Amino acid sequence: MKIEGKKALFLGDSITAGVGASCGENCYVNVFGRLTGCKTVNYGISGTRYAVKKADAGADLNYISRVDEMCADADIVVVFGGTNDFGHGDAPLGGFSDRDPNTFYGACHILYRKLLEKYPDAVIVVMTPMHRLSENVTTNEIGLPCERLIEFVKAEREVAEYYSLPVLDLFASSGIQPAVDVIREKYMPDGLHPSDAGARIIAERLKGLLETL
Numbered sequence: 004m005k006i007e008g009k010k011a012l013f014l015g016d017s018i019t020a021g022v023g024a025s026c027g028e029n030c031y032v033n034v035f036g037r038l039t040g041c042k043t044v045n046y047g048i049s050g051t052r053y054a055v056k057k058a059d060a061g062a063d064l065n066y067i068s069r070v071d072e073m074c075a076d077a078d079i080v081v082v083f084g085g086t087n088d089f090g091h092g093d094a095p096l097g098g099f100s101d102r103d104p105n106t107f108y109g110a111c112h113i114l115y116r117k118l119l120e121k122y123p124d125a126v127i128v129v130m131t132p133m134h135r136l137s138e139n140v141t142t143n144e145i146g147l148p149c150e151r152l153i154e155f156v157k158a159e160r161e162v163a164e165y166y167s168l169p170v171l172d173l174f175a176s177s178g179i180q181p182a183v184d185v186i187r188e189k190y191m192p193d194g195l196h197p198s199d200a201g202a203r204i205i206a207e208r209l210k211g212l213l214e215t216l
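Add 3 to a position in the sequence shown, counting from 1, and you land on the number used in the numbering used here.
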């Protein structure tokens, strides 16, 4: 597809908000806009997740609850998240048949369907979580048992495929694995948030995917 001149909305967490980049202009969303000539609107909020977090009932800024606040029109919608559901969420992973926002699988179903209903003419892209240093823990940051990060990645892939949504699998193909010291130092110094160089890779990978559609 031709990207120049299109309007792209980005729904995400701290990485989309720009944490890790040296300044807002070097956030991957803004880099993508410069690379493509696309108008971008950033809906990234740090610490947020796909699934509802019980501990935040009534004040949770999960992705599903934020769709209604997004622009009414878009040519491209990009969803990037899941690492916080793994890292400090309290919703179980669940299974593919779930349609409950209190499970990760259920939240994926509800979110993707809601975006399709709001933006039936847009290209909706799901970006999976990237690798992170803690990706293999089985107890998360708030002390709850959790599945490994790869299981959240698989859930996003599976549900996106069900809705026929293109997936940018950053877990599989970003080239950023912070367990390798030299890679972490250059692209993801804190083991989670991409640097300016890491943000540019995300923007370039997204551009490349969209150009194939």
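Think of the CB as a built atom: it goes at the ideal place given N, C-alpha and C, for glycine as much as any other residue. Note that the coordinates shown come from a computational prediction; the quantities given were computed from them, not determined experimentally.
Kindly indicate which residue of the options has the alpha-carbon position closest to the one of residue i.
i      : options                        : result
Glu154 : Leu216, Gly90, Thr51, Ile79    : Gly90
Val129 : Asn87, Arg135, Ile79, Thr142   : Ile79
Val70  : Lys121, Val183, Asp199, Gly50  : Lys121
Tyr165 : Tyr190, Tyr108, Asp193         : Tyr108
Leu114 : Ser137, Pro132, Ser68          : Ser68
Asp188 : Val170, Glu207, Leu136         : Note that residue 188 corresponds to Glu in the displayed sequence, not to Asp. Residue Leu136 is the option with its Cα nearest to Glu188.
Val170 : Ile179, Leu213, Asp193, Val183 : Leu213
Lys5   : Asp184, Asn29, Asp101, Ala125  : Ala125
Ser167 : Ser176, Asp184, Leu152, Pro123 : Pro123
Val156 : Asp101, Leu64, Thr86, Thr43    : Thr86
Ser49  : Lys42, Arg37, Leu119, Asp88    : Asp88
Leu64  : Asp16, Val82, Lys42            : Asp16
Ala158 : Thr43, Tyr190, Leu209, Thr131  : Thr131
Ile145 : Lys57, Gly23, Arg208           : Lys57
Thr19  : Leu118, Val82, Arg160          : Val82
Lys10  : Lys42, Gly36, Ser177, Leu209   : Lys42
For residue i and residue j, I'd like the C-alpha separation in whole angstroms.
i      : j      : result
Asn2   : Leu96  : Here the chain covers residues 4 to 216 and nothing more, so residue 2 does not appear.
Ala75  : Gly84  : 21 Å
Glu7   : Asn139 : 39 Å
Ala202 : Tyr31  : 4 Å
Gly92  : Leu195 : 16 Å
Ser25  : Asp199 : 6 Å
Cys149 : Ala94  : 9 Å
Asn143 : Ala54  : 15 Å
Thr215 : Gly27  : 28 Å
Pro197 : Gly47  : 14 Å
His112 : Phe174 : 20 Å
Gly3   : Arg102 : In this structure the chain extends from 4 to 216, so residue 3 is not present and cannot be described.
Asp193 : Ala163 : 29 Å
Leu14  : Thr51  : 10 Å
Leu38  : Ile186 : 23 Å
Met191 : Asn29  : 14 Å
Under a three-way DSSP split, which group does residue i fall into?
i      : result
Ala125 : coil
Leu14  : strand
Leu136 : coil
Thr131 : coil
Leu168 : coil
Thr142 : strand
Which term fits residue i, buried or exposed, when burial requires 16 or more other beta carbons within 10 angstroms of its beta carbon?
i      : result
Phe99  : exposed
Thr141 : exposed
Glu72  : exposed
Asp184 : exposed
Ala206 : buried
Ile127 : buried
Gly40  : exposed
Measure from the C-beta of residue i to each C-beta in chain D and report whether the shortest distance is under 8 Å.
i     : result
His91 : In the displayed structure, chain D is absent; only one protein chain is listed.
- Enumerated in chain order, which unbroken segments of the beta strand (DSSP E) with a length of 3 residues or greater are wholly contained in the region 16 to 54? 42 to 47
- Residue ranges of each beta strand (DSSP E) within the region 74 to 108, 3 or longer: 79 to 83
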